[in-house]
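Participant:
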Amino acid sequence: MNYFIVNNINHKITGIEKSVMNRLKLFNDFNLEAKIITLAWNSSLHKNAHTFGVSKQVFSMYDFFQESINVQINTVRDWIAFWEDDLNYEIKYVPNTNDLRVYQNGTRIIYASFRDSNYKLLDYVNYFDTRNVKMKREYYDSRGFLSRVRYMRTKEMPVCDTYLTPSGKIKLEVYFDPYQEKEVVTRIMLFDYNAKDYTFDNTNELIAFFYEQLYKDGDLFFSDKTAITSPPFLITDKKVPVISVLHSTHVKNNNDIEGSDIKNIYNCVFNHLDRFSGILVSTVQQKKDVEKRIQSKIPVFNIPVGYAQQKEANFTPVVPHGPLKLMSIARYAPEKQLDHQIRLINKLKDDFDQIELHLFGFGGELNKLKELTDSLNLENHIKFRGFIPNITNEMHHFHASMITSNMEGFSLALLESLSNGLPAISYDIPYGPSELIVNGKNGYLVPRNDEDKLYETVKSYLSNPDLQKTFRDTCMTESQKYAQSEIIKKWLHLLGEVTS
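Quick note: the sequence shown uses full-length UniProt numbering, first residue 1, plus one each step.
Given below as structure tokens:
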């Protein structure tokens, strides 16, 4: 079995989770055994997995210990009838929500939030003491069972979390220092695992134990969310093989690849090379740079994080009619430098009065980007589209995709654009764009952070519909080097090298 390890799968995912799901689909298509495992507890994990089309192929460390990997949706009780009829409590519904308050003799004792408008599938239940202070919260898995109970002190700082099986048996207890400003684990207790009880000092010890218990001869682990998923391997039995996957540039200063310090998120790997069976990167150039940095002490493999989807034989990319539209698929994060694109539109609007930029993504910079948009009076030109699970269906509406990042490990969004016949214009940055874009053929590479050159390039491109059509045709031709049949060859080579 091949295990792809991430920390979590939320209802919005980053490029890391998307690339892992692509890898899972590729392995499935070629009958290679694979699962995604997550380390964080998430009551909506299996609901999210269903949304992204990976149901029954994802489970968490907590599922493993809570004996809930293969649980289906349970029959749920009628909570309203239970509280009102059985316990004689009073219920007050919270307007415009799926929430309600529960009172006993006029005193609020419960606040309940449901996943559905029929009040059948609970999300969580808060319990209050005589001071109206929250003392306990019950969390219900999206499949219908009580999964976690958190006991709290004042200011809602946790004292203890208990994790239960679907039948209600406590399997884990996690204790916290309640006087810290953030959650600090002081002890973890695992009960009745193979008829034994275990104690751990911290979460990494529990994760390492999980890795060891999951492992069977012939299995291979891929550490994808490296900062979180790799450190426990340092205390895991060395018979458990692991490949570290670098989803970004590995150095802090991209202007000094050879001399710059390693990024903090990758220190665990570069400082303990002997613990890893190899390093996986997405581009040829990063492979060379990493090999040079580590002096080839362990194997470094190069496999793109995605692949070009097979198109129907009669698929022909066409230049859309109507307003000129640019798109960007990126987190709203500082390193993506989306403010460069907003300023670009501010210049282009004088040349193309109906120009639009659609920003697909999510992240902490949203308000700052909206403020910039408002300050430039670009509300009619900039569209914040948020996160869309399947972006492919949107691409045929656009004239080009944009990348103005300061760095990219590969840029899965760029490959998706090009393989769907959508040309791309990108800063020439480490590492992905220069390997995906053939400058002047299927897009353009612009010197990094040169906003004037970016404007000139995009203006020229948008002014030439014939060139746009030529670029679209070339996109389809060039993307074939990333076809499934080509990418799987690289994977089979890696698996053969590591497991031989």
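We put the CB at the ideal spot given by N, CA and C, even for glycine. Quantities reported herein were computed from a predicted structural model and do not represent experimental measurements.
Does the Cβ-Cβ distance between N442 and L418 come in under 7 Å?
Facilitator: Yes, these two residues count as a Cβ contact at 7 Å.
Participant: Using the C-alpha atoms, what's the distance from D85 back to residue 554?
Facilitator: In the structure as shown, the chain begins at 1 and stops at 500. Residue 554 is therefore absent and cannot be evaluated.
Participant: Restricting to Cα atoms, I'd like to know which of A81, A40, L87, K47 is closest to F64.
Facilitator: Minimum Cα distance to F64 is reached at A40.
Participant: Our contact map puts L280 next to I243 with C-beta atoms below 8 Å; I'd like the distance itself, whole angstroms only.
Facilitator: Indeed they touch by this definition, with Cβ atoms about 5 Å apart.
Participant: Can you check which of these residues, T97, T229, N96, L414, is closest to Y3 by C-alpha distance?
Facilitator: Closest option to Y3, Cα to Cα, is T229.
Participant: Tell me, which residues are paired with V6 by DSSP?
Facilitator: According to DSSP, V6 bridges with T38.
Participant: Considering only their Cβ atoms, is the gap separating T283 from G432 smaller than 7 Å?
Facilitator: Result yes, Cβ atoms of G432 and T283 sit closer than 7 Å.
Participant: Assuming K311 and H358 form a contact by the criterion Cβ under 8 Å, report the distance between their Cβ atoms to the nearest whole angstrom.
Facilitator: At roughly 23 Å, the Cβ-Cβ gap does not stay under 8 Å, so K311 and H358 are not in contact.
Participant: T316: which of Q285, N88, D473, K92 sits nearest, CA to CA?
Facilitator: The residue with the shortest Cα to Cα distance from T316 is D473.
Participant: Ignore the nearest five residues each way along the sequence and tell me which others in Y139's own chain have a CB closer than 6 Å to its CB.
Facilitator: Closer than 6 Å at the Cβ level, and outside the excluded window around Y139, lie S43, Y124, S147, R148.
Participant: Is there contact between the segment 55 to 71 and the segment 86 to 98, where contact requires at least three CB pairs shorter than 8 Å?
Facilitator: The segment 55 to 71 vs the segment 86 to 98: no contact.
Participant: Please report how far the alpha carbon of E408 lies from the alpha carbon of N377, in whole angstroms.
Facilitator: Approximately 30 Å, taken between the alpha carbons.
Participant: Label Y179 either buried or exposed according to how many other C-beta atoms from any shown protein chain fall within 10 Å of its C-beta, with 16 as the threshold for buried.
Facilitator: Answer is exposed; the Cβ neighbour count stays below 16.
Participant: Give me, in chain order, the residues of the same chain whose beta-carbon lies closer than 7 Å to that of P113; leave out the 5 immediate sequence neighbours on both sides.
Facilitator: For clarity, residue 113 is Ser in the given sequence; the question names Pro instead. Once the five neighbours on either side are set aside, the close Cβ partners of S113 are N98, D99, D123, Y124.
Participant: If you drop the 5 nearest sequence neighbours on each side, which residues of the same chain put their C-beta closer than 8 Å to that of K349?
Facilitator: Closer than 8 Å at Cβ, skipping near neighbours: I355, L378, H381.
Participant: Three Cβ pairs or more, each shorter than 8 Å: is that satisfied between the segment 319 to 335 and the segment 492 to 499?
Facilitator: With a cut-off of 8 Å, the segment 492 to 499 and the segment 319 to 335 do not count as touching, because too few Cβ pairs lie within range.
Participant: Alpha carbon to alpha carbon, how far is W79 from V6?
Facilitator: Cα to Cα, the separation comes out at about 35 Å.
Participant: What did DSSP end up calling T97 once you bin it into helix, strand or coil?
Facilitator: Of the three classes helix, strand and coil, the one that applies to T97 here is coil, per DSSP.
Participant: For F210, which of K453, A195, T38, L462 has the nearest alpha-carbon?
Facilitator: Ranking the options by Cα distance to F210, first place goes to T38.
Participant: List the endpoints of the continuous alpha helix (DSSP H) containing R275.
Facilitator: Careful: R275 lies outside any alpha helix (DSSP H) and carries neither H nor E.
Participant: For the alpha helix (DSSP H) containing F384, name the first residue and the last one.
Facilitator: Taken as a continuous stretch (DSSP letters only), F384 belongs to no alpha helix (DSSP H), being part of the beta strand (DSSP E) at 382 to 386.
Participant: Look at the Cβ atom of D219, then the Cβ atom of V245, and state whether they are nearer than 7 Å.
Facilitator: Not a contact, by the Cβ cut-off of 7 Å.
Participant: Quick one: what's R331 bridged to in DSSP?
Facilitator: Answer by DSSP bridge pairing: none, since R331 is not bridged.
Participant: Assign Q310 to one of three DSSP states: helix, strand, or coil.
Facilitator: Coil, per DSSP.
Participant: Tell me, which residues are paired with N126 by DSSP?
Facilitator: BP columns for N126 point to Y111, R137.
Participant: Whose C-beta lies closer than 6 Å to the C-beta of K155 among residues of the same chain, with five residues either side of it excluded?
Facilitator: The answer is none, since no qualifying residue turns up.
Participant: Report the CB separation of T203 from V185 in whole angstroms; it is logged as a contact under 8 Å.
Facilitator: Sure, about 6 Å apart at Cβ, within 8 Å.
Participant: Check this for me: beta carbons of Q337 and S328, under 7 Å apart or not?
Facilitator: Their beta carbons are not under 7 Å apart, which means Q337 does not touch S328 by this criterion.
Participant: Going by DSSP, name the residue or residues bridged to E408.
Facilitator: Y431, per the DSSP bridge assignment.
Participant: Taking the alpha carbon of D351 as the point to measure from, which residue in L462, A400, G361, N439 has its own alpha carbon closest?
Facilitator: It is L462.
Participant: Measure from the alpha carbon of N22 to the alpha carbon of each residue in N105, Q309, K297, N194, then state which is nearest.
Facilitator: Nearest C-alpha to N22: Q309.
Participant: For F360 and P334, I'd like the C-alpha separation in whole angstroms.
Facilitator: Cα to Cα, F360 sits roughly 15 Å from P334.
Participant: Among W83, I303, R153, which has the Cα closest to the Cα of S411?
Facilitator: Ranking W83, I303, R153 by Cα distance to S411 puts I303 first.
Participant: Exposed or buried, which one is G440 when buried takes at least 16 other CB atoms within 10 Å?
Facilitator: Counting Cβ neighbours within 10 Å, G440 comes out exposed, since fewer than 16 surround it.
Participant: Measuring only the C-alpha atoms, how far is Q104 from R131?
Facilitator: Approximately 14 Å, taken between the alpha carbons.
Participant: By the three-class DSSP mapping on this structure, what secondary structure does L357 have?
Facilitator: In the structure shown, L357 sits in a strand (DSSP, three-state: E or B).
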